[in-house]
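A quick write-up on the structure given underneath.
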Amino acid sequence: KAGVTQTPRYLIKTRGQQVTLSCSPISGHRSVSWYQQTPGQGLQFLFEYFSETQRNKGNFPGRFSGRQFSNSRSEMNVSTLELGDSALYLCASSLQGQPLGNTIYFGEGSWLTVV
Amino acid sequence: GESVGLHLPTLSVQEGDNSIINCAYSNSASDYFIWYKQESGKGPQFIIDIRSNMDKRQGQRVTVLLNKTVKHLSLQIAATQPGDSAVYFCAENIRGQGGKLIFGQGTELSVKP
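For the protein sequence lines, the chains are E and U, in the order given.
Position in the first sequence (from 1) plus 501 gives the number in our numbering.
Position in the second sequence (from 1) plus 516 gives the number in our numbering.
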């Protein structure tokens, strides 16, 4: 069965632009989370969606937003891009919202470079 | 941001030796812990997990130990192989916070042939 799929894999944007990243979870998974990974800050939680509702949000500015569709696919958007937004953005999915007993699987990520 | 701390940022071992990667966590409310392996250019790959009501859990060549008294987690890899070379992350889930994971900074494991 297919894993977590993220698109695009690589992209370059200019400061001030906005970007939308897409994530297709494993079939049947209803929970989708997003993380930002940078060399300096490591892996940081952005937000989690379960059944189209945002359940948790990390400590990121309002420029970072997301949504989940009825088929569990998710998108995240970053507006007014800054150089510091350059990072690997990872999507993770699990069967249910609680990780206990529900393995969380990650996609390969979307590499965003802001110039 | 929030993070789980790691004692050693890099670890170099000889092929065939055992590896031990350590992790400290700070939240007493954490009740679930996971170890992930991340190879260059790839996303984190699940290795093994453990619940807070357990002290030890074994998988294939890997063992996770949890010491709640000192809030310490370790990953032991037996007979380390070159394919084990990667960055290893511990992550914790806090009770009541859904699927949110708090990750450590990571330890880079290098296996010398």
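Glycine included, every Cβ here is placed at the ideal spot set by N, Cα and C.
Model, not experiment: these values are computed from the prediction.
Contact belief for residue i with residue j at Cβ below 8 Å, rounded distance in angstroms
| i | j | result |
| --- | --- | --- |
| residue 565(U) | residue 582(U) | Actually they do not touch by this definition, with Cβ atoms about 10 Å apart. |
| residue 608(E) | residue 559(U) | 5 Å |
| residue 613(E) | residue 520(E) | 6 Å |
| residue 579(U) | residue 604(U) | Actually they do not touch by this definition, with Cβ atoms about 13 Å apart. |
DSSP state of residue i mapped onto helix, strand, coil
| i | result |
| --- | --- |
| residue 571(U) | coil |
| residue 518(U) | Confidence in residue 518(U) is poor, its pLDDT being 45 and thus under 50, which makes the residue's placement unreliable; the coordinate value appears in the next sentence. Residue 518(U): coil per DSSP, three-state reduction. |
| residue 641(E) | This structure cannot settle anything about residue 641(E), because the visible part of chain E is limited to 502 through 616. |
| residue 547(U) | strand |
Between the CA atoms of residue j and residue i - distance to the nearest angstrom
| i | j | result |
| --- | --- | --- |
| residue 514(E) | residue 527(E) | 28 Å |
| residue 553(E) | residue 594(E) | 13 Å |
| residue 575(U) | residue 530(E) | 24 Å |
| residue 617(E) | residue 511(E) | This structure does not reach residue 617(E), given that chain E is present from 502 up to 616, and the question cannot be answered. |
| residue 570(E) | residue 628(U) | 46 Å |
| residue 602(U) | residue 612(U) | 31 Å |
| residue 524(U) | residue 538(U) | Per-residue confidence for residue 524(U) stands at a pLDDT of 47, beneath the threshold of 50, marking its modelled position as unreliable; no derived number is given. |
Proximal residues of chain U, C-beta to C-beta of residue i below 7 Å
| i | result |
| --- | --- |
| residue 532(E) | 615 |
| residue 511(E) | Result: empty, since nearest Cβ-Cβ is about 11 Å, beyond 7 Å. |
Amino acids of chain E, ordered along the chain, whose beta-carbon sits closer than 7 Å to that of residue i
| i | result |
| --- | --- |
| residue 558(U) | 609 |
Chain-ordered chain U contacts of residue i [CB-CB under 8 Å]
| i | result |
| --- | --- |
| residue 595(E) | 615 |
For the structure I just gave you, are there three or more beta carbon pairs, one from the stretch 583-590 of chain U and one from the stretch 559-568 of chain E, closer than 8 Å?
no
contact_flag[the stretch 534-551 of chain U, the stretch 572-581 of chain E] where n(CB pairs < 8 Å) is 3 or more:
no
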